[in-house]
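Note sheet for the following structure.
In this note's numbering, the protein residues as written are 877 to 1396.
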């Protein structure tokens, strides 16, 4: 029964540990899911801020194109410029500049700080922000312009062409009645987009990463240190913080200094940077929640050439963690309390079961326990064809002992005899039980008659060696014991009580020949 009790306890605590593990797994998964949902909200907010900024400028560009560019006097100047020689071209360029000079100042204030006119072959006719620089073929470094000329359709997209200024470009071929007069470009530098994002989302730090793989080769007009490797990866660049207000503020912010070293070690992040898309990373650092928002920007050829990276504190992450930890602790406490309660119930049941199978006086097995064990061993021995032995023992002249020394002394004597017999049994399968008032019985599995006789004599001698005084005994001055021995290979078709009766007959025989002996 003890083995069954131990198995029950093992099952109980294994189940409790599994439940605790499942709770921890659930809490971890719940945190991952809910924190990702929180992070996704930041990603959606950045997407909305970015797209709404681009849509605002797209509408502005379309309005200006229709009301200011597609006018007969402008088309006439462009047509003349497309056929002008090197001496006439500067004059036409000056006329075009004067036509838009005042309007360009308003455009700059609204964020469209880069305004270009190109000839049909892609040659730069006029840069309003640098009117003295012209005549270069912009198609070589401007993929948006290349697509616009290739398809003769308006194109828009992000690039860092020409002066290597990261910008979103709106390029429109000027075509009327099938005649291509040239191309106009309106560009919104990223610092303008950044300003709008910060205005819409003031609680974060934002900057732009440029792909080193897709970065155009610097021209003689642009310093070669305009871009430097980002703290995240050498494969992604950012504008040199010494010359960029955006990068300088980002890199030197307290938030960036806390988060960038963590991100740089995140291999999963490095892999996702190469795949593009948009994603957000929730993380806890030094007890503070943060959201890292990565928004991939594609080129007109659907390649990820830049990332808007946003860093924001997210107090809701810490609250989420605290709530889930509290839930986990409460669940763990409930499981532990339940396990303790079940353990207590199992222990009480085990104790009750043990008490029902133990003799109240001596603490060894009682007759009920002996009968149950005898039945099991009888069946097992029959299957295995192994002998089973029984020793039936009786204290000599115990009634006289009780009458002379008193019942308390008799009870003590019985306990001492029970302990002495128990001490002689060395195998876990052997069993001793109190069979009657002063009778004890031993069950010895896999024991033949010779082995049983040896064990019986060992027990008899051990009782003798105890030298328990017995003045009323007629055979010795100390307590003695008589033992009947029976051994047989069990026959499962017959009751085991036959073996007990045989041992009882041998006990009677031992008493008949003078007691304090073993009979078989």
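We put the CB at the ideal spot given by N, CA and C, even for glycine.
* To do: Along the beta strand (DSSP E) that carries residue 1130, what are the first and last residues, could you check?
  => No beta strand (DSSP E) contains residue 1130, which is instead part of the alpha helix (DSSP H) from 1130-1140.
* To do: Classify residue 1097 as buried or exposed, calling it buried when 16 or more other Cβ atoms lie within 10 Å of its own Cβ.
  => At residue 1097 the pLDDT is 43, less than 50, meaning the model places this residue with poor confidence; the figure from the coordinates comes in the next sentence. Exposed.
* **Own chain, CB closer than 8 Å to residue 1163, minus 5 neighbours either side, in chain order** => 1194
* **residue 1094 (DSSP reduced to helix, strand or coil)** => Interpretation of residue 1094 is limited by its pLDDT of 39, a score under 50 that renders its predicted location unreliable; the figure taken from the coordinates is listed afterwards. In this structure, residue 1094 counts as coil in the three-state DSSP scheme.
* Asked: In terms of residues, what are the limits of the beta strand (DSSP E) holding residue 1061?
  -> From DSSP, the beta strand (DSSP E) with residue 1061 extends over 1055-1065.
* Using the C-alpha atoms, what's the distance from residue 977 back to residue 1137? -> Their backbone Cα atoms lie some 47 Å apart in a straight line.
* DSSP-derived helix/strand/coil call for residue 1155 -> strand
* Rounded straight-line distance, which links the Cα of residue 956 to that of residue 995 -> 10 Å
* **DSSP-derived helix/strand/coil call for residue 946** => coil
* Asked: What does DSSP give as the partner residues of residue 1033 in its beta bridges?
  -> Answer is 1045.
* **Cβ shell of residue 1081 (< 8 Å), same chain only, five flanking positions each side left out** => 1125, 1126, 1129, 1131, 1132, 1186, 1187, 1188
* How about the stretch 1335-1353 and the stretch 1383-1396: do they share at least three Cβ pairs that are nearer than 8 Å? -> Result yes; three or more Cβ-Cβ pairs closer than 8 Å.
* To do: Give, in chain order, every unbroken run of the beta strand (DSSP E) that is at least 3 residues long and sits entirely within the stretch 962-1024.
  => 990-994, 1000-1003
* **When 917, 1007, 1318, 1365 are compared against residue 1301, the one with the closest alpha-carbon** => Of 917, 1007, 1318, 1365, the residue nearest in Cα terms is 1318.
* Asked: Hey, quick one: how far does the beta strand (DSSP E) through residue 1103 stretch, first residue to last?
  -> Unbroken beta strand (DSSP E) run through residue 1103: 1103-1105.
* Asked: With DSSP run on the structure shown, which of helix, strand or coil describes residue 1343?
  -> coil
* **Alpha-carbon spacing of residue 890 relative to residue 1251, whole angstroms** => 33 Å
* Taking the C-alpha atoms as reference points, what is the distance between residue 987 and residue 1034? -> Rounded to the nearest angstrom, the two C-alpha atoms are 16 Å apart.
* According to the Cβ coordinates, are residue 828 and residue 1387 closer than 7 Å? -> The shown model of the chain, from 877 to 1396, leaves out residue 828, and the question about it has no answer.
* Name the one or two DSSP bridge partners that residue 1254 has. => According to DSSP, which records beta bridges pairwise, residue 1254 is partnered with nothing at all.
* **Opening and closing residue of the beta strand (DSSP E) in which residue 1294 lies** => Taken as a continuous stretch (DSSP letters only), residue 1294 belongs to no beta strand (DSSP E), being part of the alpha helix (DSSP H) at 1283-1300.
* **Distance between beta carbons of residue 1044 and residue 1073, contact taken as under 8 Å** => Between residue 1044 and residue 1073 the Cβ distance is about 12 Å, and since that is not below 8 Å, they are no contact.
* Compute the Euclidean distance between the alpha carbons of residue 1371 and residue 1258, then round it to the nearest angstrom. => 11 Å
* For residue 1393, does the three-state DSSP call read helix, strand or coil? -> coil
* **Of the listed residues 1205, 1292, 1271, 1219, nearest to residue 1239 (C-alpha basis)** => 1292
* Drop a sphere of 10 angstroms on the beta-carbon of residue 1093, count the other beta-carbons inside from all chains shown, and report buried for 16 or more, exposed for fewer. => Because residue 1093 carries a pLDDT of 39, less than 50, the predicted location of this residue cannot be relied on, and no value is offered for it.
* Asked: Three or more C-beta pairs closer than 8 Å, one from the stretch 1314-1333 and one from the stretch 1266-1282: is that the case here?
  -> yes
* For residue 1216 and residue 1338, the rounded distance between their alpha carbons -> 44 Å
* To do: Run the CB neighbour count on residue 1031, radius 10 Å, all protein chains shown included, and call it buried at 16 or more, exposed below.
  => Answer is buried; the Cβ neighbour count reaches 16.
* Asked: Do you know how far the Cα of residue 1075 is from the Cα of residue 1005?
  -> For the pair residue 1005 and residue 1075, the Cα-to-Cα distance works out to about 25 Å.
* 8 Å contact criterion, which residue 935 and residue 953 should meet: CB distance rounded -> Going by Cβ atoms, the distance from residue 935 to residue 953 rounds to 26 Å, so no, they are not a contact pair.
* **Residue from 1289, 1284, 1184, 1027 whose Cα sits closest to the Cα of residue 920** => 1184
* To do: State the Cα-Cα distance for the pair residue 1286 and residue 1309, rounded to the nearest angstrom.
  => 17 Å
* **Separation of residue 910 from residue 1201, as counted between CA atoms** => 14 Å
* C-beta contact flag for residue 1169 and residue 881 at 7 Å -> no
* **Among 1036, 912, 1171, the one whose alpha carbon lies nearest that of residue 927** => 1171
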